[in-house]
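This report refers to the structure that appears directly beneath it.
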Amino acid sequence: MNPIKLGTDTQNTWCPGCGNFAILNAIKSVLTELHSEGLPLEDVVLVSGIGCHAKIVDYINVNSFYSIHGRVVPPAEAIKLANPKVKVIGFSGDGDSYGEGIEHLIFAAKRNIDITMIIHNNRVYGLTTGQYTPTSPLGFRGRSTPRGSMELPFNPLEVMLASGATFLARGTSHGIDLLKRIFKEAILHKGFSLVDVLQVCVTYSNLYEYYERRIYELKDYNATDYNQASNKIREWNYNNDASIALGVLYKKEMPTFEDRFLAGKTTEPKDKDLKIKQILEESI
Amino acid sequence: MNPIKLGTDTQNTWCPGCGNFAILNAIKSVLTELHSEGLPLEDVVLVSGIGCHAKIVDYINVNSFYSIHGRVVPPAEAIKLANPKVKVIGFSGDGDSYGEGIEHLIFAAKRNIDITMIIHNNRVYGLTTGQYTPTSPLGFRGRSTPRGSMELPFNPLEVMLASGATFLARGTSHGIDLLKRIFKEAILHKGFSLVDVLQVCVTYSNLYEYYERRIYELKDYNATDYNQASNKIREWNYNNDASIALGVLYKKEMPTFEDRFLAGKTTEPKDKDLKIKQILEESI
Amino acid sequence: MQEFSILIGGKAGFGIDKSSSIIGRLLNRLGYHIYIYRDYPSLIRGGHTFSIIRTSRNRIAAHTDKVDLVIALNQETLNLHKNRLKQECLFLFDSEQVKVDVKTCGLGIPLGKLLKEENAPDIMKNTCIIGAMVKALGLEFNILEDVLKKEIPKEIDLNIKVAKRGFDESKELIKIDSIAQKSLPLLSGNQAIALGLIKGGLKAYISYPMTPSSPVLHYLAEIADDFSLDVLHPESEIGVILMALGYSYMGKKSAVGTSGGGFCLMTESLSFAAMAELPIVIILGQRPGPSTGLPTYSAQTELHFALNAGQGEFVRFIVAPGDAEEAYYWSCVSMNMSWKYQIPSIILSDKNLGEGIFNFDISAVGELKEETPILWDRKPPYKRYLFTENGVSPLAFVTDKDAIVKVNSYEHDELGITTEEPKATMLMQEKLLRKEKFLLKDIDEHFKAVNVYGDKNSKTGLLCWGSNKGISIELGEKLGLKVIQPVVLNPFPVRQFQNAVSGLKRLICVENNATGQLAKLIKVHGFNVNEMLLKYDGREFSIEELEERIKEVLK
Amino acid sequence: MQEFSILIGGKAGFGIDKSSSIIGRLLNRLGYHIYIYRDYPSLIRGGHTFSIIRTSRNRIAAHTDKVDLVIALNQETLNLHKNRLKQECLFLFDSEQVKVDVKTCGLGIPLGKLLKEENAPDIMKNTCIIGAMVKALGLEFNILEDVLKKEIPKEIDLNIKVAKRGFDESKELIKIDSIAQKSLPLLSGNQAIALGLIKGGLKAYISYPMTPSSPVLHYLAEIADDFSLDVLHPESEIGVILMALGYSYMGKKSAVGTSGGGFCLMTESLSFAAMAELPIVIILGQRPGPSTGLPTYSAQTELHFALNAGQGEFVRFIVAPGDAEEAYYWSCVSMNMSWKYQIPSIILSDKNLGEGIFNFDISAVGELKEETPILWDRKPPYKRYLFTENGVSPLAFVTDKDAIVKVNSYEHDELGITTEEPKATMLMQEKLLRKEKFLLKDIDEHFKAVNVYGDKNSKTGLLCWGSNKGISIELGEKLGLKVIQPVVLNPFPVRQFQNAVSGLKRLICVENNATGQLAKLIKVHGFNVNEMLLKYDGREFSIEELEERIKEVLK
Ligand SMILES: Cc1ncc(C[n+]2csc(CCOP(=O)(O)OP(=O)(O)O)c2C)c(N)n1
Ligand SMILES: Cc1ncc(C[n+]2csc(CCOP(=O)(O)OP(=O)(O)O)c2C)c(N)n1
Ligand code: SF4
Ligand code: SF4
Ligand SMILES: [Mg+2]
Ligand SMILES: [Mg+2]
């Protein structure tokens, strides 16, 4: 195995101190690890949406699909179906995938298709200069809500659980070791996995201290117990002042969509033209 | 109060035996009742999407907004915000609102805006001649899935609960009395309410007998108990062979979006031009 | 007999559609050419549905108002269509459902009674009356049997029995001869598109149901196993096109199908496809709008939308096939062009083309093969957006060793990494747009992008596009007019079009819309039409109607 | 001084934008006309951002490449922009960040040190250097104070202190006089649009953030209370436009704002709005595409998309204002037209118009008032889609007694109930399209839809649209050319345009795109341009650049 160069020569344009750096570093280190364990990097595809988070694909020297806002999931699914041996990792924002494109997340979870979604959940639209998102707390003063947002956030992990996701985890951008462990486990999980990363946006929603006071890592926890998972996931609702559990919150083995979908798949006919001819003959 | 004529002269084009008739009759009778209790019918707006279900608005002689496929919820929300005294009832299909437009449902639930959504959940795309939907069982053979659908359905009530809905109920199209009771309670509920109607499509997915064997009505049930509701909602997952509970499954009092949003609202300035002039002066 | 038409009608749910296929096949096997026009409202049971099966010794692709035989499964059919009959009493009807007034006329069959005697379900009424029709046309019963086996494999024995009862109850009304002409396959335009895409190398078809394109989804789902296709129906049209782009990123040829409303939802990704240079073929089945409009009827209203959809400026290939052979041919070519130039292609179809039934003569289809796109020479470093003379960069795909394949919706450099530099932007915009010149040259030199029919010496031209091809040719020949049909609509084949119209004194444009969309398009290229014959009630022109309107302007 | 330009640059996050507003206001108060060009990449901190504040004794709306003063908050600014300076050493810089090579030149201020001494945060560097600039321009300190109070209400005392330190550390480099001209308000194009909509009766503004239109959302959210507006930011652009249509159904005037990608997602509802005859105003802020493209730069690439977006055929009103007054005026008119004709209006803006800062002279804006739509006469039965001569049906709204208001995306009858009848379809399609004739007449008779400037006797015309208005006028006047600017782009004001170009020998078209979209549009109406001066790198033309290109073609 050659030493690998995972960085690109592109200038990084995240704000100094941005939580995205931790995600970038964690994923690079996980990819390095997986590579050293035998995963060819040409079998990896990174997909991203539009937002600060999405720039991550410009910084990693691996196949990538820089999609449009809110649309990380459908190309990720197709890439998996087109070649199930490929590891597909989607990077998305809370505006991107919990807002504009939530429907795709729900359906990917429902299908239990084997892709990994890493959500840079900074609870703000960073790149468009600070508006509230679906996970911003009630009363969040952003540029579209100067009087404070009028809606409660939803709990994305709860929504994902209800939709059928088989791997759900939470990390923060200031706990890089945990992030690495979670990312690796998520990528290796066979089925739909989502990691909600409480990523600190130093510019528009600096919750560093807020999180510091509340987070704890799960210990002695059975992630395969649905009821326990459901309760743990609902412990903190992204608005109240409860403790915030970090780690793998839920995990279940289930048939994946690609297993079902590709199961009966035949190999391509040698003589396509002959088949077409047959069809035509039957149409007389 | 004059006797009211709720029907239109339009020819009904549903298949004979279609479960939509029950929904039509139930809602007409509820409107009649509400009218007799003092609700002016000009304060009611019906909104529908596109699909067999959606034709319902052509058959009721009340204000209506016949929207496009998947888009019942956003106009319904706006209508409520534009005039909070109006009762807004949305009629949608499982293809319409659980498929094409699921994101709007999630956000309306999240906002807890006071509209009522009645889902004609026949678990098939009726009007486009029988394809699987998000609530069709695994293996459903529709025109787009001749080998059987490859995905588990999701449980729409579970997704709605996770999204923040404050009123969730289930009825069937062959239990019209229950439907009437549920519809009325849903309409009177202050907050986002959704009724999942297991509506039989006699042509493409005739589950009449399947339901007949499994349904039961909730008795001695406390719909305000979240845990009980959560379990009850998950008792039948739209795919397994469990019993199917009917009635109001969950109910919670919460501030509505329009309460919050319109709370600080000022009345329109008498002299708009003066205000504009002031702004201009401040811009020198 | 030179030509012959049958109208069959009843409520939706009576199997009118199936019946028309059976009748079409039957007459097809007698050696006639066939065209079937289907007219049905947007509902599942009830309402009024009818089909006109027209047969002729010549190639046809249009229906006539007048028919030779009406088959009425209900009263409404007779009431609505009686006066279409060329000869007063040539109709067949369900004598239990239809009351015939004034004088006894036509031939009534007691369908309910016959079915009951055979213990057959109501849904077989159509088979029964088709049996009766076979006798009425003076044909042998046995020719129906095989057709029924093909069309209704389920409960075939009972169906045959029931048909035989109808046959026995009937009598000859008119005599149809079989003619010595080879029978050609019958395909809907949608089937032809599907097969053309397969011919072009389709690997994945992704679609959300929407009339009039859903039949492509249904058909490809059915034959998916035969061709090892991935056929998917995901959550929405937005999901559809983005999935398709995911496939094409992986080197798997993909296509999507929809109608106007769904196409709207795809426009953002159309623009993305162009920027990322991801090949994609879009079937855009037109129907009357705006908005939901008349879902099960036809229109030609999306030409300019297709030409201009999506933000930013980019190259797209747009074709409007006019019949099954062209649908097959140009669908394959669209796939080839999308991959050769890494651009989106749009196949402009409509309900009349998609759901009409045509004879399909593969020998009349030009030479076709799936083309291989330009591939990377495997010399690293791989540059996904390498600048080249014609703007097309060689392709590599994920899992190719030493190739890092980065596609991007932002403006990007050759490696696919985001850039906002003015100079880089300019160069990349020019790269994108440069393809058009080469594409146009390619089309102009290697394809018949503009067809000419009818009386080529006439000074009057009938200009048409898409599904008006068949009717225009027929009337052009009849009335001695030159017929011009551009199939490629973008990039517009100006030279070929110029040749086609040169020498004309007068150009009459026939379109299924209210504003004259093709007329407007050619105006940009400096051509003018003299008259526009427009129809925008959702129905296709009948021969009589268009003939009259042409004659009016020729007066 | 006739004119004077300052460039201020640094990293994003340094407050360059705010600084340019402060500088603009300051100079504005001296009696100069102002135009500010903002150039920034799509990132939040870092990168390179700059603004050019141009002042002149005359009205201007364009920037020059050459500037009189550069204010460099970092090294990059100096490196990149040094050679723009008219006089070599006229720059101000942060002496702790910027190394000046060769000879000591320019004026360095130790910002960090000064801030530290005042215990002020880093973010106030810009205030400090602006203080220094005030001295450098030979101005009194006190004129800055009031401007700072307006622009930075937070921690104003510290800001003033810090500015004063900069002032004291500085020295006069050049002398700017105040001139005896009334100061006009400064507005961005986006603000002017917002205020114009309010003038037109806006009740609800709904938007999902997207550059370059998000500032309209931010601004309206801020002033919502003052005008009792409902300002909403929902889940997606699809939700946005459908909510807006819900409001307009209820009789509340609504508008939405977006850019190309978001507009794509709105096209399905644009078509719906047309079919249901629900008024709606859409702000479409253009930026370079295709796809995500260059989010923070500018383009004029959506003209044909706007003209043709949405399935089916329908009438839309499209305007492209060229400066703040026009933005205000035509936004109000758009709202009026949408409600008068019950059609969608599109305000074609772009980043340069939307985020550029202009002087706003309300006295130069034409007569304007919010118009009342045609209302139902309250005689039942109410027919939402009553056939009328001009196609416009009187409006009633929910809660109106005895009116049942049914709107429908399907083809429908006068009551709003679905129909699929051919005759009814035809009539309803004609009703929809009939409005265009009346709208066009209205525009032609009551509005200046095509503006003419420059040397009206010149035989050479400069054709422009949207944000190229200002630069075209300036150069037209300088070079003696006639300038033609159609503001209404649909329905196209052919008569007025004809008048504007009549007598011209030569027409030169200036556009920020790569294909010449306006040139193509006028071609449909029978007009041709002789030359196209196109720019498609996302940046706006500078005076020098366009002047040179014009001179090149005039040679
Ligand atoms: C269809 C569409 N709508 C809006 C935008 C503008 N836009 C770009 S990034 C963004 C928000 C991103 O927020 P999030 O996903 O949370 O990413 P972050 O910047 O916070 O990492 C928006 C609204 C767009 N590019 N496309
Ligand atoms: C954007 C868009 N996509 C697709 C369609 C076609 N379409 C019309 S109805 C329908 C399915 C309706 O299914 P459902 O909501 O379950 O209603 P049902 O007919 O079963 O009552 C579809 C896909 C459409 N009208 N618009
Ligand atoms: S704005 Fe926030 S999320 Fe974006 S780069 Fe800066 S700190 Fe990170
Ligand atoms: S297709 Fe099904 S849902 Fe539609 S009208 Fe018929 S029975 Fe009802
Ligand atoms: Mg975010
Ligand atoms: Mg359904």
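If you read the sequences in order, they're chains C, H, P and R.
The first sequence begins at 1 in my numbering and counts up one residue at a time.
The second sequence begins at 1 in my numbering and counts up one residue at a time.
The third sequence begins at 1 in my numbering and counts up one residue at a time.
The fourth sequence begins at 1 in my numbering and counts up one residue at a time.
Each residue gets a CB set at the ideal place from its N, CA and C atoms; glycine is no exception.
For this session: Would you list the one or two residues that DSSP bridges to Gln131(C)?
Result: Residue 131(C) sits at position 131 when you count from the first residue of the first sequence. Answer is Tyr125(C), bridged to Gln131(C).
For this session: Say whether the region 368 to 382 of chain P touches the region 34 to 47 of chain P, bearing in mind that this needs 3 or more beta-carbon pairs closer than 8 Å, one atom from each stretch.
Result: They do not touch, by the three-pair rule.
Exercise. Which residues mark the beginning and the end of the alpha helix (DSSP H) in which Cys332(P) is found?
Worked result: Translated into positions along the third sequence, residue 332(P) becomes position 332. It spans Ala324 to Tyr341 - the alpha helix (DSSP H) in which Cys332(P) sits, taken as one unbroken run.
For this session: Examine ligand 7 and report whether any of its heavy atoms sits within less than 7 Å of the Cβ of Val124(H).
Result: Ligands in the displayed structure: ligand 1, ligand 2, ligand 3, ligand 4, ligand 5 and ligand 6; ligand 7 is not one of them.
For this session: Out of Lys523(R), Asn513(R) and Leu521(R), state which residue places its alpha-carbon closest to the alpha-carbon of Leu534(R).
Result: Numbered from its first residue, the fourth sequence carries residue 534(R) at position 534. Ranking the options by Cα distance to Leu534(R), first place goes to Asn513(R).
For this session: Give the DSSP-derived three-state secondary structure of Met1(C) in the structure shown.
Result: Position 1 of the first sequence, counted from the start, is the residue given in the question as residue 1(C). At Met1(C), the pLDDT of 45 sits below 50, so the modelled position is not reliable; the number obtained from the coordinates is stated separately. Coil, per DSSP.
Exercise. Between the beta-carbon of Phe541(P) and the beta-carbon of Ile471(P), is there less than 8 Å?
Worked result: For this step, residue 541(P) is matched to residue 541 along the third sequence. For this step, residue 471(P) is matched to residue 471 along the third sequence. Yes, the Cβ-Cβ distance between Phe541(P) and Ile471(P) is below 8 Å.
Exercise. Going along the chain, which residues of its own chain have a beta-carbon closer than 6 Å to the beta-carbon of Leu179(H), five neighbours each way excluded?
Worked result: Locating residue 179(H) in the second sequence gives position 179, where the first residue counts as 1. Ala26 and Gly171.
Exercise. Starting from Ser345(R) and walking both ways along the beta strand (DSSP E), at which residues does that stretch end?
Worked result: Counted from its first residue, the fourth sequence places residue 345(R) at position 345. It spans Pro344 to Asp350 - the beta strand (DSSP E) in which Ser345(R) sits, taken as one unbroken run.
For this session: Can you grab the Cα-Cα spacing for the pair Ile16(R) / Val30(C), in whole Å?
Result: In the fourth sequence, residue 16(R) corresponds to position 16, counting from 1. In the first sequence, residue 30(C) corresponds to position 30, counting from 1. For Ile16(R) and Val30(C), the distance between alpha carbons rounds to 39 Å.
For this session: Taking only beta-carbon positions, decide if His69(H) is within less than 8 Å of chain P.
Result: For this step, residue 69(H) is matched to residue 69 along the second sequence. Closer than 8 Å: yes.
Problem set entry | Anticipated Cβ contact below 8 Å, Ser331(R) with Leu158(R), distance rounded | What you label residue 331(R) is simply residue 331 of the fourth sequence in a count that begins at 1. What you label residue 158(R) is simply residue 158 of the fourth sequence in a count that begins at 1. Their Cβ separation, rounded to whole angstroms, is 38 Å, which puts Ser331(R) and Leu158(R) out of contact at 8 Å.
Exercise. Taking a cut of 8 Å between CB atoms, which residues from the region 361 to 382 of chain P lie near chain C?
Worked result: Ile362
Exercise. Okay, do the region 303 to 316 of chain R and the region 323 to 338 of chain P touch, 3+ Cβ pairs below 8 Å being the bar?
Worked result: no
For this session: Could you tell me the boundaries of the alpha helix (DSSP H) in which Asp94(P) lies?
Result: Residue 94(P) sits at position 94 when you count from the first residue of the third sequence. No alpha helix (DSSP H) contains Asp94(P), which is instead part of the beta strand (DSSP E) from Phe91 to Asp94.
Exercise. Since Phe154(H) contacts Lys110(C) with CB under 8 Å, what's their CB separation in whole angstroms?
Worked result: On the second sequence, position 154 is the one that residue 154(H) refers to. On the first sequence, position 110 is the one that residue 110(C) refers to. Contact holds; Cβ gap of about 5 Å.
For this session: Name, please, each residue of chain H whose Cβ falls closer than 7 Å to the Cβ of Met250(R).
Result: In the fourth sequence, counting from the first residue as 1, residue 250(R) sits at position 250. Residues of chain H whose Cβ lies closer than 7 Å to the Cβ of Met250(R) are, in chain order, Ile79, Ala82 and Asn83.
Problem set entry | Residue environment, Ser20(R), which counts as buried when at least 16 other CB atoms sit within 10 Å | Walking along the fourth sequence from the start, residue 20(R) turns up at place 20. Buried: at least 16 other Cβ atoms inside 10 Å.
For this session: Could you tell me if the beta carbon of Ile174(R) falls within a distance shorter than 7 Å of some heavy atom in ligand 3?
Result: One-based indexing of the fourth sequence puts residue 174(R) at position 174. Incorrect: Ile174(R) has no Cβ contact closer than 7 Å to ligand 3.
Exercise. Does Ala320(R) have its Cβ less than 8 Å from a Cβ in chain P?
Worked result: As a working mapping, residue 320(R) is identified with position 320 in the fourth sequence. Residue-level contact check: Ala320(R) does not touch chain P, since none of the beta carbons of chain P fall below 8 Å from its beta carbon.
Exercise. Chain C partners of Lys401(P), CB-CB under 9 Å?
Worked result: The residue given as residue 401(P) occupies position 401 in the third sequence. Within chain C, the residues near Lys401(P) are Pro40 and Glu42.
Exercise. Under a Cβ-count criterion, where at least 16 other Cβ atoms within 10 Å of its own Cβ denotes burial, should His525(R) be classed as buried or exposed?
Worked result: On the fourth sequence, residue 525(R) is found 525 positions in, with the first residue counted as 1. His525(R) is exposed by the Cβ-count criterion.
Exercise. Just to confirm, does Ala14(C) get its C-beta within under 7 Å of one of the non-hydrogen atoms of ligand 3?
Worked result: Within the first sequence, residue 14(C) is the residue found at index 14, counting from 1. Per the sequence presented here, residue 14(C) reads as Trp, with Ala not at that position. For ligand 3, at least one heavy atom lies less than 7 Å from the Cβ of Trp14(C).
Exercise. In chain order, which continuous runs of the beta strand (DSSP E) of length 3 or greater are located wholly inside the region 153 to 236 of chain R?
Worked result: Counting only runs of 3+ residues, the beta strand (DSSP E) found wholly inside the region 153 to 236 of chain R occupies 186 to 188, 204 to 207 and 230 to 232, in chain order.
For this session: For Gln498(P), return the contacting residues in chain R, with the cut-off set at a CB-CB distance below 7 Å.
Result: Locating residue 498(P) in the third sequence gives position 498, where the first residue counts as 1. Under the 7 Å cutoff, chain R gives no residues; its nearest Cβ is about 16 Å from Gln498(P).
Exercise. From this set, Phe50(P), Asn74(P), Glu237(P) and Pro394(P), which residue's C-alpha is nearest Gly251(P)'s C-alpha?
Worked result: Translated into the one-based positions of the third sequence, residue 251(P) becomes position 251. Ranking the options by Cα distance to Gly251(P), first place goes to Pro394(P).
Exercise. Does the beta carbon of Met117(C) come closer than 8 Å to any beta carbon on chain H?
Worked result: Residue 117(C) sits at position 117 when you count from the first residue of the first sequence. Output row for Met117(C): interface = no.
For this session: Note down, in chain order, each residue of its chain lying with its Cβ closer than 6 Å to the Cβ of His104(H), except the 5 sequence neighbours on either side.
Result: Position 104 of the second sequence holds residue 104(H). Only Val73 and Pro74 meet the Cβ criterion.
Exercise. When every heavy atom of ligand 3 is checked, does at least one fall within less than 7 Å of the C-beta of Val202(C)?
Worked result: Within the first sequence, the letter at position 202 stands for residue 202(C). Within the cutoff, so yes.
For this session: Please find out if some non-hydrogen atom of ligand 5 comes closer than 7 Å to the beta-carbon of His120(C).
Result: Indexing the first sequence from 1 puts residue 120(C) at position 120. Yes; taking the cut-off as 7 Å, the Cβ of His120(C) has a heavy atom of ligand 5 nearer than that.
Problem set entry | Bridge-paired residues (DSSP) for Gln485(R) | Stepping through the fourth sequence from its first residue, residue 485(R) is reached at position 485. Gln485(R) pairs with Asn451(R).
Exercise. Can you name, in chain order, every residue of its own chain whose Cβ lies under 7 Å from the Cβ of Ile102(H), other than the five neighbours on each side?
Worked result: Locating residue 102(H) in the second sequence gives position 102, counting from the first residue. Excluding sequence neighbours, Ile102(H) sits near nothing in its chain.
For this session: Using a Cβ-Cβ cut-off of 8 Å, state whether Ser331(P) counts as contacting chain R.
Result: Numbered from its first residue, the third sequence carries residue 331(P) at position 331. Answer no: the Cβ-Cβ gap between Ser331(P) and chain R never drops below 8 Å.
Problem set entry | Cβ pair Ile52(P), Val147(P) closer than 8 Å | Within the third sequence, the letter at position 52 stands for residue 52(P). Within the third sequence, the letter at position 147 stands for residue 147(P). Not in contact: Ile52(P) and Val147(P) (Cβ atoms no closer than 8 Å).
Exercise. Heavy atom of ligand 3 less than 7 Å from the Cβ of Asn390(P), yes or no?
Worked result: One-based indexing of the third sequence puts residue 390(P) at position 390. False, no ligand heavy atom lies under 7 Å from that Cβ.
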